[in-house]
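Numbering (my numbering), first residue to last: 37 to 1355.
Glycine is no exception: its CB is placed at the ideal position from the N, C-alpha and C atoms.
Note that the coordinates shown come from a computational prediction; the quantities given were computed from them, not determined experimentally.
The structure appears right after this line, and notes come after that.
Okay, here's the thing in structure tokens:
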């Protein structure tokens, strides 16, 4: 386990988790501010991995991840800025603007069509004119020319005029000067996946899967010409099905003119359980370049493997294809796989070694289900060759991309024995030369514009014995729109002849124009001597006059060469990949050597999926071990290392282990290494931090792994690699999801783009601590993502020189040395036993830790069962009887509640026995004798929570009281039997999960059922909703009152206090969504805390614990309304004045009657140490803001009281209202520095006379006294009290020990104490 702390790195002195307010958020949110002087330190524990304060209405515990989100981070707060209706694939930044591209059509409901720009000036996303008509896969921002290169799978910008649109032929465009501009080669014939700059060459590189440019300068014709199967081929089969609807092998020839994709509705099938074949024979030889084959797509049958045989030579074609599962480029011959995935319409198999053949036979030797079959077959050739046929049309499979011939007049098929091929002939009398209309129109499909040489093939006349019938024919050719040329050709040739009939520009075929040639008799043809004319028509071939260079998936463009008119301005690399290769990523940062990644291989096996191109050597060079064994999606070169991400799990040779979806290649040693243990899923994107110290990897993985395969980091979808330390690391914040890009933008914001599932300010493992000034998350483990913490407490170690604060947590978690219970001190986590199971509740009294849950195992020398005691001072366990269910197995303790005097505690849960004592649901433990006792009779069931307030105990859960199902049971003080307080028959809300003592003897309960969550006050008769309106997923685990210093509203809950109600758990609060803690002030809810899990779903806080005694109904100080305070104060003042005046008149009357002269009494002479009057003594000794005799006066005084912090070693619930004083305050008020010194002084004085500061007396408490107002002194029987004022016969003043040797002062009843000499 890699346990480490987040302390200094997490401190936020200006922007802490609870006081953080963004400086420039338009949707900032204000909530009540906690009074940390009263609360002390806070701890948040639960099931979460990230936590944030709620300060902006655009924050969320989790985001909708149907598509991509754009999230902004400012001052540590993450807010949702924009959403798209599709995925964002790519981004780039141009000055302050950010461009995003992908498969979306809208951003925040604004139509943008696949590309948008973040406008920094308006802080909005705007469209680029009307966008593009297809997905965008790559954008590159050129700061030098202030332009954006865009690549993808689109044809052209939307909304441009037809003239401009003709210059966009697909897949690439340029955005410059706020308009779309075509690149000089116009486009590609396939998708572009990456665009990057080579700074050393001053060029722009385009990578993808393409073989041709739109201007026709570069192209590859593998799939340009579909072969006619329905008009010129004889189709048959072997072992085909004998009956049914799927017996005809012609079913698979592009039925209904819709292509292979529709033929699966009428497939062709083999007989059950036998191999067979599908065959096509042609009237003329062809050289297939590609086969497109579809499976049957039937649920119980289909072809599994096949091979394609060339008839005549009887050799199998060698084919290459992309594996649909691994996305790797593969090769095959006799056992080529065909997927049964019904979502895959068809698969393409490219011929790697061409052969001429008169026919092909698809041999099926393995099948799915009962037998084999096919759903569609298309054959392509690279040559543009048109053969004349009597049936019009050349292919009905793909009419848009098909060459065709159209026959006019009488023509018949002839067979030339010498050439062994068919051709057409038209025979008529020579007298009809001038009037004959027989003709053939050739309409080729020309995929790209270019310079072509056009040849006409004429069969020799000897083979057909027609030499005396031949004459001249005329070709009328329209190769470019509106331009017609003619060519006269004499067909009186003895041998087969190929004649050049045209050379020049031929326009590409389009919907608006198709090049064409028409063959007919020449106008001035010479009549043959035989008196009979025979016109012959064979084939027309188009041969493109190219540069000789091929283009495969990479093109390099030099804007400088274009500007300076230097040729070439764009070109392929000097060395090319294999046809069909896919390039996903290019890193050209090293200039002279660029690195290519994708799906490709070298036929000789030297490289696969990754390679380097060296400009000096003009070669593509392999990396060691043959490259990587699957698709590469991203490459980043950092120094002497090439970092690679993708779908691979090793090198091709397999010699290097530990390479899982991410790898590094050392250019110095030419060796591969893993990034520790890699990742547990594919990588799609990588990005380098601005300081070049970290590499962020993103993808469809859940964890980064150490070399031993332990989990290194948790957030789903992204991980960080420390480039200098060469190890995985965590970011300070939590970001869950597949990150596409991160950009720093104006106003200190960071834009994060991708499928972001959730993002919070602090990364943690289910625990966060704060004291209002700083925030830290002591990570339990960064190699575990299953940490669940249910309870926590603070303990003050008084034996430590600095009264060390120790944090203790319990739950369900396990690391190498922590199991479900742990202590945090000295910046590290420490083991505390090995309790197997789950801990639900913790409590501390003095130096003892009380542990409740459902567990067994070991704690020190003890083997507890569901309840345990641990002496924190001596670090030893304390034996105590366990808690059991009726079956004798460990029961479940959900809650531990301490009695106010600390002499007993109560537990609640689901159990039947405490040791051997029958004690169901609620039981009490004597903290001195450690003996279990029954609290009361009459209740069983599962107690979820307990509270003690108003002189009674209240339990909630799924309970049964005196055989009556109930949700709430109460036990009045001194009662022996539980009372049903909220019968299930009268409540339809569902089982309560938590309870808190409320005002006016009511209780506040929370819970949920299948339809809603609820929270309200129950007084035994009526349920009063507290404005909850919670959603169905609400699960409240804790309620507490918290003091605040200010709030956006004047409302408080309870009214006339300085408190609000806080609900903790998982709260669905409209319109804010899921929050983990929220305030309620009596009228409105204020979200307070957001949490998120490692998988991006909303987290949950189970428990908040605090360092000072607070947060129950007994801690609330009620105040009268201000007008009432004023009126009461006036009335009291008038009453006092009236009484004083009356007394003065009476005294004056008596003195005059007795003849006493009415002279003022002389002032007492001043002497050092003179005492004050007892009333003033008492008022001064009470805390500032303490209670006076009248409630209204006490309320007025409280507003100015000085806040004191607790200094006790533990949270003693009996010590809630004491005026705790440090040594300096004690010395000022008592004249001594410690309580021990005060006792010594009192013992020397004795108890004679009136006690005073100069003459203190020592007394002992006879009875416990619970302080009810500020300024009163809590007493426990036997407490030593140094009394300093006995002038009042009812209320005395004195000091007691606060538990740490310091004196605390207050008032107490004189009849509650005794002199040491009186028992």
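Looking at the structure shown, is residue i part of a helix, part of a strand, or coil, going by DSSP?
i	result
residue 1293	strand
residue 1171	helix
residue 183	strand
residue 497	coil
residue 602	coil
residue 373	strand
residue 1339	strand
residue 1348	helix
residue 609	coil
residue 1264	For residue 1264, the pLDDT reaches just 39, beneath the cut-off of 50, and the residue's location in the model is therefore unreliable, although a value from the coordinates is still provided. In this structure, residue 1264 counts as helix in the three-state DSSP scheme.
residue 392	coil
residue 218	coil
residue 423	strand
Between the options, which has its C-alpha nearest residue i's C-alpha?
i	options	result
residue 633	119, 668, 606 and 611	668
residue 746	730, 712, 758 and 728	712
residue 921	946, 88 and 1117	946
residue 849	827, 861, 834 and 838	827
residue 830	840, 442, 836 and 242	840
residue 1056	1036, 1047 and 967	1036
residue 1307	1330, 1318, 1317 and 1300	1330
residue 724	737, 751, 775 and 749	775
residue 790	799, 784 and 779	779
residue 902	397, 1286, 493 and 951	951
residue 1033	1049, 1020 and 1004	1004
residue 91	83, 111, 78 and 100	111
residue 931	238, 877 and 246	877
residue 955	822, 753 and 969	969
residue 928	900, 418 and 913	900
residue 918	907, 948 and 869	948
residue 924	890, 710 and 1344	890
residue 81	1314, 1139, 1310 and 1277	1139
residue 837	862, 1302 and 854	862
Name, in chain order, the residues that DSSP records as bridge partners for residue i.
i	result
residue 1019	1002
residue 118	106
residue 534	493
residue 763	758
residue 269	318
residue 708	701
residue 368	355
residue 1028	1043
residue 128	135
residue 476	443 and 555
residue 898	895
residue 619	634
For my contact list, residue i and residue j are in at a C-beta cut-off of 8 angstroms; report their separation, rounded to the angstrom.
i	j	result
residue 109	residue 786	4 angstroms
residue 215	residue 165	7 angstroms
residue 421	residue 441	Between residue 441 and residue 421 the Cβ distance is about 11 angstroms, and since that is not below 8 angstroms, they are no contact.
residue 857	residue 868	5 angstroms
residue 1299	residue 1348	5 angstroms
Cβ contact (3+ pairs, closer than 8 angstroms) linking the region 1113 to 1122 and the region 728 to 735
no
Do the region 167 to 179 and the region 135 to 151 meet, that is, are 3 or more Cβ pairs less than 8 angstroms apart?
yes
Evaluate contact between the region 1167 to 1185 and the region 1000 to 1014, counting only Cβ atoms and requiring at least three cross-stretch pairs below 8 angstroms.
no
Quick one: any contact between the region 584 to 594 and the region 521 to 538, if contact means 3 or more CB pairs under 8 angstroms?
Cβ pair count under 8 angstroms is below three, so no.
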